[in-house]
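J.:
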């Protein structure tokens, strides 16, 4: 099966092509094609994962196939450019291939119910197929250049899907915001891999690993730090790390299944995956690793604080994703790709489920404001209890999936000596539990707040929720039993062990958050309006997201546009003015010269006669310096 791994991204691409050119008008056929494409990829991915485990394919001895794609010969002192295209199968990519195809299959099944009746039904499934293809190319790539190709395609697909309902101005604006923000990061990423090739003459992960581990690469520490920081700009934007996080909450304008796959298995996961895949490069620069760790830690608590005051169910989940991505980035920054990728894997299951539950709720009540919901638990029992399972997993409650992976992240930070980051992550665990159960007590329990007529969603939507709830419960424990830490690691295998002190501390924080939410939003022991008034400035600051969007709007509208206006005026008035002035001078002189060079002999004779008269006057007139005085 592993020899056929190259087919994994091919099937969704074929599905996209067929839907766009042949089945666009046949909605059911379009669904069938999309489902067949991603389903075939899932079957091969499962086979590849099983074979990877059975054959003992490891991070150190992966399965790799590579073909030359571009060859430019060397010119004198310049080295040539050699770019290959290939596939790299090791435990890291094998697990990720399974996660992407599994989540995508369930999301496409769910979308059949959610997108029912939408005018862009077939177009939606075409875009989803292209999105999955792009992510699979990124995952299976064996070099940075090929990964960048998939990276850019993922960005394009996210633009198409976030702005899927492009007739809405807010959706079009959100798509543009995501696209532009990611271009900043992608520019840094591109510059980084260009510098990488200039210095190492290869994009290949395996070759880079060999060069870097020998320590005889001759690259200065400053150069390596610059390269890694530039490449990290890509994950900062793609995985929405501070200060490039601003696009992700607005990306909720897209259909909810898009938010689900985008937050669980594709776009935002791409940044974390790149950090893990290129870890051998990043760990060569301690300064970059420290920077990555603190960016991740700060993003986790920053985003969690914003989630505390949100009213929109999708935005609460969006800030939750930001916070959890911060966990993953922090784990890799402190040196553990095992903890980072483990949390990415478990998070994919329960975060996908939480978004799909949110979609089920929105589909039923036609609002995203949790304070316009209430009393949904009796009318939507499957959605309610799967959401509760997902929230418990996200909060890291034993023995659900998030408990095991969050414990690994906390342990990684503590073991690496980042005590401050460890406590930040522990506090975030309590904040996460609080805002998730604030959502649950307000939206699903208590009294009905508006005259909505909620009902449980169709089996197309509830069956994926039930399947995902199983993984949200057992994935963490199951992956540890499979020896995840002994498959996905860098350097030495990681044996997953529970640190009771860390596990109990984080659990107590999480339970404290749930209890606080229960007392405030279910038992109503505290008046939330009075609390908001008492902490007015802080509440206002959080509600306005620390005014970062306004700051960016000011920098873009005033500073950047001001600089652009100045450059435009300089170009028009100075550069063009000098060039136009020279041209006008030549044309003016030419106009005068035209009176001399007429081609008429009488004119020439007149000029000669005038010149002679002038010379004679100059030579004979005393006041003009002539010889006669």
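Residue numbers (the working numbering): 3 to 631. Cβ atoms here follow ideal geometry from the backbone N, Cα and C, with glycine treated the same way. Everything numeric in this text was worked out from a predicted model, so none of it was measured.
Between the C-alpha atoms of residue 631 and residue 577, what's the straight-line distance to the nearest angstrom?
T.: One-based indexing of the chain shown puts residue 631 at position 629. One-based indexing of the chain shown puts residue 577 at position 575. Unreliable positioning characterises residue 631 in this predicted model, as indicated by a pLDDT of 48, which lies under 50. The coordinate reading is nonetheless provided below. Cα to Cα, the separation comes out at about 52 Å.
J.: Based on DSSP bridge pairs, tell me the residues matched to residue 65.
T.: As a first step, residue 65 must be located in the chain shown, where it is residue number 63. DSSP, once it has assigned bridges, lists 91 as partnering residue 65.
J.: Hey, could you find the ends of the alpha helix (DSSP H) residue 504 is sitting in?
T.: The residue labelled residue 504 in the question sits at position 502 within the chain shown. Residues 502-519.
J.: In whole angstroms, give me the CA-to-CA distance for residue 562 and residue 150.
T.: Start at 1 with the first residue of the chain shown, and residue 562 comes out as number 560. Start at 1 with the first residue of the chain shown, and residue 150 comes out as number 148. Near 28 Å, if we compare the C-alpha coordinates of residue 150 and residue 562.
J.: My output table needs one value for residue 120: the three-state DSSP class, helix, strand or coil.
T.: Taking the chain shown and counting its residues from 1, the one referred to as residue 120 is at position 118. Residue 120: coil per DSSP, three-state reduction.
J.: Using 8 Å for Cβ pairs, my map puts residue 515 next to residue 432. What's the rounded Cβ distance?
T.: For the purposes of this step, residue 515 is taken as residue 513 along the chain shown, with counting starting at 1. For the purposes of this step, residue 432 is taken as residue 430 along the chain shown, with counting starting at 1. Contact holds; Cβ gap of about 4 Å.
J.: Taking C-beta to C-beta, are residue 187 and residue 137 nearer than 8 Å?
T.: Counting from 1 along the chain shown, the entry for residue 187 is found at position 185. Counting from 1 along the chain shown, the entry for residue 137 is found at position 135. Cβ atoms of residue 187 and residue 137: not closer than 8 Å.
J.: Exposed or buried, residue 553, counting other C-beta atoms within 10 Å across all chains shown (16 or more means buried)?
T.: Start at 1 with the first residue of the chain shown, and residue 553 comes out as number 551. Result: exposed.
J.: Quick check on residue 631: does DSSP put it in helix, strand or coil?
T.: To locate residue 631, count along the chain shown from 1; it is residue 629. The pLDDT assigned to residue 631 is 48, lower than 50, so where the model puts this residue is not dependable; a value taken from the coordinates is nonetheless given after this. Coil, per DSSP.
J.: Report the three-state DSSP secondary structure of residue 543 (helix, strand or coil).
T.: Here residue 543 refers to the residue found at position 541 of the chain shown. In this structure, residue 543 counts as helix in the three-state DSSP scheme.
J.: Under 8 Å between the Cβ atoms of residue 394 and residue 318?
T.: Against the chain shown, residue 394 aligns to sequence position 392. Against the chain shown, residue 318 aligns to sequence position 316. Not a contact, by the Cβ cut-off of 8 Å.
J.: Consult DSSP for residue 495 and reduce its assignment to one of helix, strand or coil.
T.: Here the question's residue 495 lines up with position 493 in the chain shown. Residue 495: coil per DSSP, three-state reduction.
J.: List the whole-angstrom C-beta distance separating residue 290 from residue 281, where the pair is believed to meet the contact cut-off of C-beta under 8 Å.
T.: Counting from 1 along the chain shown, the entry for residue 290 is found at position 288. Counting from 1 along the chain shown, the entry for residue 281 is found at position 279. So it is not a contact: roughly 11 Å between Cβ atoms.
J.: Quick one: what does DSSP say residue 8 is sitting in, helix, strand or coil?
T.: In the chain shown, counting from the first residue as 1, residue 8 sits at position 6. It is coil, neither helix nor strand.
J.: How many whole angstroms separate the CB atoms of residue 46 and residue 7, which I take to be in contact at a CB cut-off of 8 Å?
T.: Here residue 46 refers to the residue found at position 44 when the chain shown is read from its first residue. Here residue 7 refers to the residue found at position 5 when the chain shown is read from its first residue. Confirmed, Cβ separation roughly 7 Å.
J.: Report buried or exposed for residue 107, applying the criterion of at least 16 other Cβ atoms within 10 angstroms of its Cβ.
T.: As a first step, residue 107 must be located in the chain shown, where it is residue number 105. Buried, because 16 or more other Cβ atoms sit within 10 Å of the Cβ of residue 107.
J.: By how many angstroms is the C-alpha of residue 473 removed from the C-alpha of residue 82?
T.: Reading the chain shown from its first residue, position 80 is the one you call residue 82. Reading the chain shown from its first residue, position 471 is the one you call residue 473. Their Cα atoms are separated by approximately 48 Å.
J.: Whole angstroms are fine: how far does the CA of residue 86 sit from the CA of residue 145?
T.: The residue labelled residue 145 in the question sits at position 143 within the chain shown. The residue labelled residue 86 in the question sits at position 84 within the chain shown. Each residue's Cα considered, the two are about 8 Å apart.
J.: Please report how far the alpha carbon of residue 184 lies from the alpha carbon of residue 589, in whole angstroms.
T.: Walking along the chain shown from the start, residue 184 turns up at place 182. Walking along the chain shown from the start, residue 589 turns up at place 587. C-alpha separation (whole angstroms): 49 Å.
J.: Name the DSSP bridge partner or partners of residue 85?
T.: As a working note, residue 85 is residue 83 in the chain shown. Residue 85 pairs with 72.
J.: Put residue 573 into one of helix, strand or coil per three-state DSSP.
T.: If you number the chain shown from 1, residue 573 lands on position 571. Note: residue 573 maps to helix in three-state DSSP.
J.: Am I right that residue 344 and residue 407 are in contact with their C-beta atoms under 8 Å? What's the rounded C-beta distance?
T.: Taking the first residue of the chain shown as position 1, residue 344 is located at position 342. Taking the first residue of the chain shown as position 1, residue 407 is located at position 405. With a Cβ gap of about 5 Å, residue 344 and residue 407 count as contacting.
J.: In this structure, does DSSP put residue 145 in helix, strand or coil?
T.: Position 143 of the chain shown, counted from the first residue, corresponds to residue 145. Reduced to three states, the DSSP call for residue 145 is strand.
J.: Taking the continuous alpha helix (DSSP H) assigned at residue 249, which residues delimit it?
T.: Translated into the one-based positions of the chain shown, residue 249 becomes position 247. From DSSP, the alpha helix (DSSP H) with residue 249 extends over 249-252.
J.: Give me the residue from 84, 69, 67 with the minimum Cα distance to residue 75.
T.: As a working mapping, residue 75 is identified with position 73 in the chain shown. The candidate whose alpha carbon is nearest that of residue 75 is 84.
J.: Smallest Cα separation from residue 37: which of 167, 327, 113, 471?
T.: On the chain shown, position 35 is the one that residue 37 refers to. It is 113.
J.: If I measure Cβ to Cβ from residue 27 and keep anything under 6 Å in the same chain, skipping five residues before and after, which residues do I get?
T.: As a first step, residue 27 is located in the chain shown; it is residue number 25 there, counting from the start. Excluding sequence neighbours, residue 27 sits near nothing in its chain.
J.: Tell me which same chain residues have a C-beta within less than 8 Å of the C-beta of residue 1, skipping the five on either side of it?
T.: Since the displayed the chain opens at 3 and closes at 631, residue 1 lies outside it and no answer follows.
J.: Touching or not, the stretch 197-209 and the stretch 167-175, by the rule of three or more beta carbon pairs under 8 Å?
T.: No, the stretch 197-209 does not touch the stretch 167-175.
J.: From residue 517 to residue 312, what does the alpha carbon distance come to, in whole angstroms?
T.: Locating residue 517 in the chain shown gives position 515, counting from the first residue. Locating residue 312 in the chain shown gives position 310, counting from the first residue. Looking at the two C-alpha atoms, the distance is approximately 19 Å.
J.: Let me confirm a value: residue 502 is counted as buried when at least 16 other C-beta atoms fall within 10 Å, else exposed. Which label applies?
T.: Position 500 of the chain shown, counting from 1, holds the residue named residue 502. Exposed, because fewer than 16 other Cβ atoms sit within 10 Å of the Cβ of residue 502.
J.: Given a threshold of 16 other Cβ atoms within 10 Å of its Cβ, counted over all protein chains shown, does residue 148 qualify as buried or as exposed?
T.: On the chain shown, position 146 is the one that residue 148 refers to. Classification for residue 148: buried.
J.: Which of helix, strand or coil does DSSP assign to residue 206?
T.: Here residue 206 refers to the residue found at position 204 when the chain shown is read from its first residue. Strand.
J.: Using CA atoms only, rank isn't needed, just tell me which of 53, 320, 482 is closest to residue 347.
T.: Here residue 347 corresponds to residue number 345 of the chain shown, with the count starting at 1. The shortest C-alpha separation from residue 347 is found at 482.
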